[in-house]
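Step one of this worksheet: look at the structure below.
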Amino acid sequence: MSQPEPLSQLTQDYEPDQSSMKYDTIDSVEGAGIASQMERMKQRVEQLEKEKMELSMSKAPLEARFRQKEDLWQKDRT
1 MSQPEPLSQL TQDYEPDQSS MKYDTIDSVE GAGIASQMER MKQRVEQLEK
51 EKMELSMSKA PLEARFRQKE DLWQKDRT
């Protein structure tokens, strides 16, 4: 049975290809940029949904008053 090579021996033999490292770095930087952009977009969507809800809530009483006035107008016409 052969003994496993010590970890230091394994790492000394490994010489990463510089060109592939450059692309890996670019990919990870682009990935981080995309992740950051996705997070900003997610926060913006949440903010817009909150604003939409607030607008809907403030619009509801106005619509109710409008319907009430329309109903009164219809009654007055008849």
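Position one of the sequence shown corresponds to residue 1 (UniProt numbering), numbered consecutively onward.
Backbone N, C-alpha and C define an ideal beta-carbon position, used for all residues, glycine too.
Bear in mind that the values here come from a model prediction, so they are computed numbers and not experimental data.
Item, Value
"Spatial neighbours of E49 in its chain, beta-carbon cut-off 6 Å, leaving aside the 5 residues before and after", "none"
"Contacts around K69, its chain only, beta-carbon distance under 8 Å, and the 5 residues preceding and following it disregarded", "none"
"Through-space distance from E51 to M38, alpha-carbon basis", "20 Å"
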